[in-house]
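K.L.:
Let me give you the structure first, and then I'll get to my questions.
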Amino acid sequence: MFEVLPSYGHVRDLAARSGSVRPDDDFSMVWEVPSSAWTPLKSIMVALNGAENLILASDPDREGEAIAWHITEMLRHQDSLLDNITIARVVFHEITETSIKNALMNPRDIDANLVNAHLARRALEYLIGFKISPLLWQKLPGCQMAGRVQSVALALVCEREMEIDRFKPEGYWTVNVEFQKEAVSSIKENPFSSKLMHLNPKKLEKLSIGSSAEAEAVKQRISLSEFRVIDTCTNQSKSCPPLPYITSTLQQDAGSRLHFTVAQTMSLAQKLYEGVKLSENEATGLITYMRTDRPHVSKEAAHDILSFVSERYGMQYALKCPRTDFQKVANSQESYEAIRPTNIRRLPSMLVGVLDNDCLKLYTLIWSRTMASQMESSITDMVQVDIGNLAGDIVFQSTSSKIGFLGHQAVSKDEETALIAADFSEGDSCEEAYSVLPSLRVNDQVYLGKVELMQHSTEPPVRYSEGSLVKKLEELGIGRPSTYASVIKVLQDRNYLAVKNKLLFPEFRARMVTAFLSTHFSDLADCSFTADMETELDNVSFGVTEWKALLKDYWSKFNKHCDRAHNIRVQEVEKMLEKTLGDAIFSSFPDKGRTCPSCSEGTLRFKISKSGAGYFIGCSKHPLCRYVAGNVLSDDEEVTVKPATAFQPRLIGLHPGSDEKIYLKQGPYGYYVQLGEDKKGHTPKRAPITQIKDVESISVEDAVGLLRFPITLGNHPEDGLPVMIKLSAFRYSVRHRSTMTPVPKNVNPHEITLKAALKLLKSKYAKHSGRPKKKKNS
Numbered sequence: 001m002f003e004v005l006p007s008y009g010h011v012r013d014l015a016a017r018s019g020s021v022r023p024d025d026d027f028s029m030v031w032e033v034p035s036s037a038w039t040p041l042k043s044i045m046v047a048l049n050g051a052e053n054l055i056l057a058s059d060p061d062r063e064g065e066a067i068a069w070h071i072t073e074m075l076r077h078q079d080s081l082l083d084n085i086t087i088a089r090v091v092f093h094e095i096t097e098t099s100i101k102n103a104l105m106n107p108r109d110i111d112a113n114l115v116n117a118h119l120a121r122r123a124l125e126y127l128i129g130f131k132i133s134p135l136l137w138q139k140l141p142g143c144q145m146a147g148r149v150q151s152v153a154l155a156l157v158c159e160r161e162m163e164i165d166r167f168k169p170e171g172y173w174t175v176n177v178e179f180q181k182e183a184v185s186s187i188k189e190n191p192f193s194s195k196l197m198h199l200n201p202k203k204l205e206k207l208s209i210g211s212s213a214e215a216e217a218v219k220q221r222i223s224l225s226e227f228r229v230i231d232t233c234t235n236q237s238k239s240c241p242p243l244p245y246i247t248s249t250l251q252q253d254a255g256s257r258l259h260f261t262v263a264q265t266m267s268l269a270q271k272l273y274e275g276v277k278l279s280e281n282e283a284t285g286l287i288t289y290m291r292t293d294r295p296h297v298s299k300e301a302a303h304d305i306l307s308f309v310s311e312r313y314g315m316q317y318a319l320k321c322p323r324t325d326f327q328k329v330a331n332s333q334e335s336y337e338a339i340r341p342t343n344i345r346r347l348p349s350m351l352v353g354v355l356d357n358d359c360l361k362l363y364t365l366i367w368s369r370t371m372a373s374q375m376e377s378s379i380t381d382m383v384q385v386d387i388g389n390l391a392g393d394i395v396f397q398s399t400s401s402k403i404g405f406l407g408h409q410a411v412s413k414d415e416e417t418a419l420i421a422a423d424f425s426e427g428d429s430c431e432e433a434y435s436v437l438p439s440l441r442v443n444d445q446v447y448l449g450k451v452e453l454m455q456h457s458t459e460p461p462v463r464y465s466e467g468s469l470v471k472k473l474e475e476l477g478i479g480r481p482s483t484y485a486s487v488i489k490v491l492q493d494r495n496y497l498a499v500k501n502k503l504l505f506p507e508f509r510a511r512m513v514t515a516f517l518s519t520h521f522s523d524l525a526d527c528s529f530t531a532d533m534e535t536e537l538d539n540v541s542f543g544v545t546e547w548k549a550l551l552k553d554y555w556s557k558f559n560k561h562c563d564r565a566h567n568i569r570v571q572e573v574e575k576m577l578e579k580t581l582g583d584a585i586f587s588s589f590p591d592k593g594r595t596c597p598s599c600s601e602g603t604l605r606f607k608i609s610k611s612g613a614g615y616f617i618g619c620s621k622h623p624l625c626r627y628v629a630g631n632v633l634s635d636d637e638e639v640t641v642k643p644a645t646a647f648q649p650r651l652i653g654l655h656p657g658s659d660e661k662i663y664l665k666q667g668p669y670g671y672y673v674q675l676g677e678d679k680k681g682h683t684p685k686r687a688p689i690t691q692i693k694d695v696e697s698i699s700v701e702d703a704v705g706l707l708r709f710p711i712t713l714g715n716h717p718e719d720g721l722p723v724m725i726k727l728s729a730f731r732y733s734v735r736h737r738s739t740m741t742p743v744p745k746n747v748n749p750h751e752i753t754l755k756a757a758l759k760l761l762k763s764k765y766a767k768h769s770g771r772p773k774k775k776k777n778s
């Protein structure tokens, strides 16, 4: 009864130029329609000819409501909405026949509060980007602005890197022993391991035994003691079935179990959602919509899953009643139901040969999680035995467990999940230990076997993976679960994050941006502020907060931060970065005083190139000392902070005409020779080394030849001005006034005559770099 047409997402957006959001004009906005959006819009306009109803059925969240609103606004601008056309908005949280029919029976108007929340979020992100980006370009050349949520995600990764930089490992020892029931071990009686828990008689902490001498003393005390059972305990623990997948949890699990990136997971899920041809007629979607933050399962699907669990594993494994509603995820907008197979009876084995290996793995993961979500809890039987010496100042603890009832873990034993299943078996040693420990009673004597001292070292915090970063953002209530993939992609596209061995490493530019924002825009990098902003946007959605009032409040504070940051000098930024990131910047210089290795008088400083070419380490005595330790920031470097090895100036010899010293030195643009010493108020004569490949072999004659330039060949016959040969960092060139032409590589610049130079100035390679003179008025 209906003609169904897609909008392909947003049909218009804020114009990509400054001034598209106008705070001084009550936050009015300038919209533009992307060229790709006109095709679906025109299709809708054509379909409206002769129609009586326009039903808007976009996603049931803020973005979906905004899409519906934008469509109606554009249709009105194009005079395509006649008075006789009824506009209705319908929403459904499940893409099922029942849900869609119920939605059509209960139409409503477009929710202005949801639209306003979208406008507030979009205006906020626009203002942040267009206000801070010019500041970053000015203060930190080459660095782009990350968005509101991206900045917090980047700050989390950079803070973890700083924790790793500050971490200092500490050594410690643990004591593990083996006990047995009989004084003489037999084949039937297996020893069981035990861990030292209390000593003197305090509880043993992780770093309590800090040296090998202490560990040996403890071992000696244990060896001279007799031990008895002082306490036993048996209990059961339940492991509840997992929730069905939403976008963020699917990304986390696919990362940890299948080693997929977030982007790869979403791409594969998109293929499963769009479907494959299982018959000649049409493609069949294999999973429900993969962008959702609602762990809800439709009633029809839940009953079908429960029925299939009973058939496959038995009645005792199925829940007494189906689970459909689950705890709401923070900042979720309750869009679609959880990610599940469209048909739970379509087993992974049925898709072998139909799907590629990665798609099949992801489908299996989704299928097994959906099955487990409707199954009973697993039960683990546990036993704990405490063993102490007669004095009571040494206590060991032995624990063991075995699965009493598999419950939802039965899915991991299913042959259908062999492609992804982890091994849940407890192992022979654990089963054997469980058979020994329950037989022990209080006051039973046990006999000491092997005593093992193990040395350990504390480990630094683990860097974030894509999955663990998603999990952290979700825990903090930052952003929306369905947007985390795009957040991480933006940070990687802007060269802020690098992925190595599945872990996220912040590039040095990312650490600079985070330090700058944390210092001058503390709110942007603050987790609680961003989470509170998400709550405020939700309040706008509920009609509790007026959206323009929210923008005015935020803009007044944010604008003050921008004004203060605008007046900061580059030198202040350098000092701030040096203070914040000094350990990373100067990691190649063990000298704590950072004494300049060239002049031994100055101090190494972090510098931002005036030309915006990069960031480097230089001497504080500049220009008297021109030592440069290489470019700190380079996209091609594997290591983010990598100062070059210091080059010590070398005395080549004395100038034959003046007896002045000639030095070989290194600057930011390469090697050069210098005539005389560095003196305050006086710049000595220098010449770059361009043609000499082996710098170390340069002779006094070579240096004198370079220092001869620039050479005046004579005056030009037309205007009487000098014609010269100059030497730059890149080439030799003939110059006359504002005209320049390079000297050919096969020509010796020392042998060029005035006649040859004039001929080169008339060649096609000559360039005029000056500005044309203005003609005087007659």
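Residues in the sequence shown are numbered consecutively from 1, following UniProt numbering.
The C-beta atom is built at its ideal place from N, Cα and C for all residues, glycine as well.
Measure the CB-CB distance between V513 and V177 and report whether it falls below 9 Å.
P.N.:
no
K.L.:
For A66, count neighbouring Cβ atoms within 10 angstroms of its own Cβ and tell me buried if that reaches 16, exposed if not.
P.N.:
Sixteen is the threshold: when 16 or more other Cβ atoms of the shown chains lie within 10 Å of the Cβ of A66, as they do, the residue is buried.
K.L.:
In chain order, which alpha helix (DSSP H) runs of at least 4 residues are fully inside the region 682-767?
P.N.:
700-707 and 754-761
K.L.:
In whole angstroms, what is the alpha-carbon distance linking K101 and R346?
P.N.:
25 Å
K.L.:
Taking one C-beta from the region 304-312 and one from the region 266-286 each time, how about it: are there three or more such pairs within less than 8 Å?
P.N.:
no
K.L.:
So, T399 versus V411, is the Cβ gap smaller than 9 Å?
P.N.:
no
K.L.:
When burial is assigned at 16 or more other CB atoms within 10 Å of the CB, is T545 buried or exposed?
P.N.:
buried
K.L.:
Among A217, E376, A687 and Q674, which has the Cα closest to the Cα of Q316?
P.N.:
E376
K.L.:
What are the complete alpha helix (DSSP H) segments, minimum 4 residues, inside the region 53-126?
P.N.:
62-77 and 97-105
K.L.:
Taking 8 Å as the threshold, find out whether the region 21-38 comes into contact with the region 136-144 through three or more Cβ pairs.
P.N.:
no
K.L.:
Hey, V487 and A123 are a contact pair by Cβ (cut 8 Å); roughly how many whole angstroms apart?
P.N.:
In this structure V487 is not in contact with A123, their Cβ atoms being roughly 19 Å apart against a cut-off of 8 Å.
K.L.:
Taking C-alpha atoms, which residue in M724, P684 and E751 lies nearest to residue 839?
P.N.:
Outside the displayed range of the chain (1 to 778) lies residue 839, so it cannot be described from this structure.
K.L.:
Could you compute how far the alpha carbon of E578 sits from the alpha carbon of C619?
P.N.:
Distance between the alpha carbons of E578 and C619 is about 14 Å.
K.L.:
Which residue wins for smallest C-alpha separation from S556, given the options C359, I128, L675 and L5?
P.N.:
I128
K.L.:
What residue from T580, R737, A757 and S738 has the CA that sits closest to P744's CA?
P.N.:
A757
K.L.:
Which of the three DSSP states, helix, strand or coil, is assigned to I568?
P.N.:
In the structure shown, I568 sits in coil (DSSP, three-state: anything other than H, G, I, E or B).
K.L.:
What are the boundary residues of the alpha helix (DSSP H) that D386 is part of?
P.N.:
D386: not part of any alpha helix (DSSP H); member of the beta strand (DSSP E) spanning S378 to N389, first to last residue.
K.L.:
Buried or exposed: which applies to A485, given that a residue is buried once 16 or more other Cβ atoms fall within 10 Å of its Cβ?
P.N.:
buried
K.L.:
In this structure, does DSSP put V218 in helix, strand or coil?
P.N.:
Three-state result, V218: helix.
K.L.:
Restricting to Cα atoms, I'd like to know which of A215, G171 and K299 is closest to E94.
P.N.:
Relative to E94, the option among A215, G171 and K299 whose CA is nearest is K299.
K.L.:
Is the separation between the beta-carbon of Y672 and that of P688 shorter than 9 Å?
P.N.:
yes
K.L.:
Do A16 and E32 have their C-beta atoms within less than 9 Å of each other?
P.N.:
In this structure, A16 sits near E32, with a CB-CB distance shorter than 9 Å.
K.L.:
Which residue from S211, D381 and R463 puts its Cα closest to that of G404?
P.N.:
D381
K.L.:
For R228, report the span of its beta strand (DSSP E) as first-last.
P.N.:
Per DSSP, R228 belongs to the beta strand (DSSP E) from F227 to S239.
K.L.:
Can you tell me which residues form a DSSP beta bridge with Q666?
P.N.:
Bridge partners of Q666: Y671.
K.L.:
Helix, strand or coil for I366, going by three-state DSSP, please let me know.
P.N.:
In the three-state reduction of the DSSP assignment, I366 falls in the helix class.
K.L.:
For N176, which of helix, strand or coil comes out of DSSP?
P.N.:
Three-state result, N176: strand.
K.L.:
By alpha-carbon positions, which one of V46, Q252 and L503 ends up nearest to V4?
P.N.:
In this structure, V46 is the residue among V46, Q252 and L503 with its C-alpha nearest to the C-alpha of V4.
K.L.:
Bridge partners for R650 per DSSP, in chain order?
P.N.:
L664
K.L.:
Under the rule that 16 or more other beta-carbon atoms within 10 Å means buried, what is N116, buried or exposed?
P.N.:
buried
K.L.:
Distance check for M371 and G210, CA to CA, integer angstroms please.
P.N.:
48 Å
K.L.:
By DSSP, does G407 sit in helix, in strand, or in coil?
P.N.:
helix
K.L.:
Please identify the residue among D26, R12 and F2 whose C-alpha is closest to the C-alpha of D553.
P.N.:
Considering only D26, R12 and F2, the residue with the shortest C-alpha distance to D553 is D26.
K.L.:
Suppose you measure from the CA of M145 to the CA of D493; what does that come to, to the nearest Å?
P.N.:
Distance between the alpha carbons of M145 and D493: 12 Å.
K.L.:
Rounded C-beta distance between L258 and L119? I'm assuming under 8 Å.
P.N.:
That belief does not hold up - the Cβ atoms of L258 and L119 are roughly 39 Å apart, past 8 Å.
K.L.:
Going by the DSSP bridge assignment, what does W31 pair with across the sheet?
P.N.:
As a beta-bridge residue in DSSP terms, W31 pairs with L14.
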